[in-house]
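Novice:
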Amino acid sequence: QVQLVESGGGLVQAGGSLRLSCAASGSSFSIGDMGWHRQAPGKPREQVAVIRRGGDTNYIDSVKGRFAISKDNTKNTVYLQMNSLKPDDTAVYYCHAKGRFSGNDYWGQGTQVIVSS
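The numbering of the sequence shown is my numbering, which starts it at 8 and goes up by one.
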């Protein structure tokens, strides 16, 4: 069983930066890909960034060049550095992990990011 605990959300002005953290409990051996999703009011949840177990990363077009996902395997933690934030980035951000062998989906509780114009 994997538990994910996020932190780092908040209120920021447009153009500002935030860093989200997601600490995963359990053995890193059992965790595959990890990523961040977000859901804005009235919109479906979307995957923002993913980091593969091997370290490859992918981003949705709207955040390329502004967001960076990384992980610290020693701490079982994944980060999302968000720069040049825009009001359209306002959403609840969720950490996600895929079970490496089970294929199960694990989710954090979500952290609110609000970008004011």
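Every residue gets a Cβ at the ideal spot worked out from N, C-alpha and C, and that includes glycine.
Only a predicted model underlies this, so the values are computations on that prediction, with no experimental measurement involved.
By Cβ distance, which residues of its chain are closer than 6 Å to Q119, with the 5 residues on each side in sequence left out?
Specialist: Residue mapping note: residue 119 aligns to position 112 of the sequence shown, counting from 1. Excluding residues within five positions, the ones whose Cβ falls inside 6 Å are G16, V99.
Novice: Assuming D40 contacts R59 (C-beta within less than 8 Å), just tell me the rounded distance between them.
Specialist: Position 33 of the sequence shown, counted from the first residue, corresponds to residue 40. Position 52 of the sequence shown, counted from the first residue, corresponds to residue 59. Right, their Cβ atoms sit about 5 Å apart.
Novice: Can you tell me which of the three DSSP states D79 falls into?
Specialist: Along the sequence shown, read from residue 1 onward, the residue named residue 79 stands at position 72. Correct three-state label for D79: strand.
Novice: What residues are listed by DSSP as bridge partners for F74?
Specialist: Translated into positions along the sequence shown, residue 74 becomes position 67. Answer is M89.
Novice: Less than 8 Å separating the beta-carbons of Y86 and L27?
Specialist: Here residue 86 is taken as the residue at index 79 of the sequence shown, counted from 1. Here residue 27 is taken as the residue at index 20 of the sequence shown, counted from 1. Yes.
Novice: Grab the span of the beta strand (DSSP E) containing G117 for me, first residue to last.
Specialist: Within the sequence shown, numbered from 1, the residue matching residue 117 stands at position 110. No beta strand (DSSP E) contains G117, which DSSP labels as neither H nor E.
Novice: From what residue to what residue does the beta strand (DSSP E) around D95 run?
Specialist: Against the sequence shown, residue 95 aligns to sequence position 88. Note, D95: premise wrong, no beta strand (DSSP E); not H, not E.
Novice: Considering only residues of the same chain and omitting the five flanking positions on each side of G4, which have a CB-CB separation below 8 Å?
Specialist: Limits of the chain in this structure are 8 at one end and 124 at the other, which puts residue 4 out of reach.
Novice: Assuming the contact rule is C-beta atoms closer than 8 Å, R107 and M89 should be a hit. Round their C-beta distance to whole Å, please.
Specialist: In the sequence shown, the residue the question calls residue 107 occupies position 100. In the sequence shown, the residue the question calls residue 89 occupies position 82. Incorrect: roughly 27 Å between the Cβ atoms, too far for contact.
Novice: Determine the extent of the beta strand (DSSP E) in which A30 is found, giving its start and end residues.
Specialist: Looking up residue 30 in the sequence shown gives position 23. Residues 25 to 31.
Novice: Does L87 have its Cβ less than 8 Å from a Cβ in chain C?
Specialist: In the structure shown, chain C does not exist; there is a single protein chain.
Novice: Can you grab the Cα-Cα spacing for the pair S109 / V70, in whole Å?
Specialist: Reading the sequence shown from its first residue, position 102 is the one you call residue 109. Reading the sequence shown from its first residue, position 63 is the one you call residue 70. Approximately 30 Å, taken between the alpha carbons.
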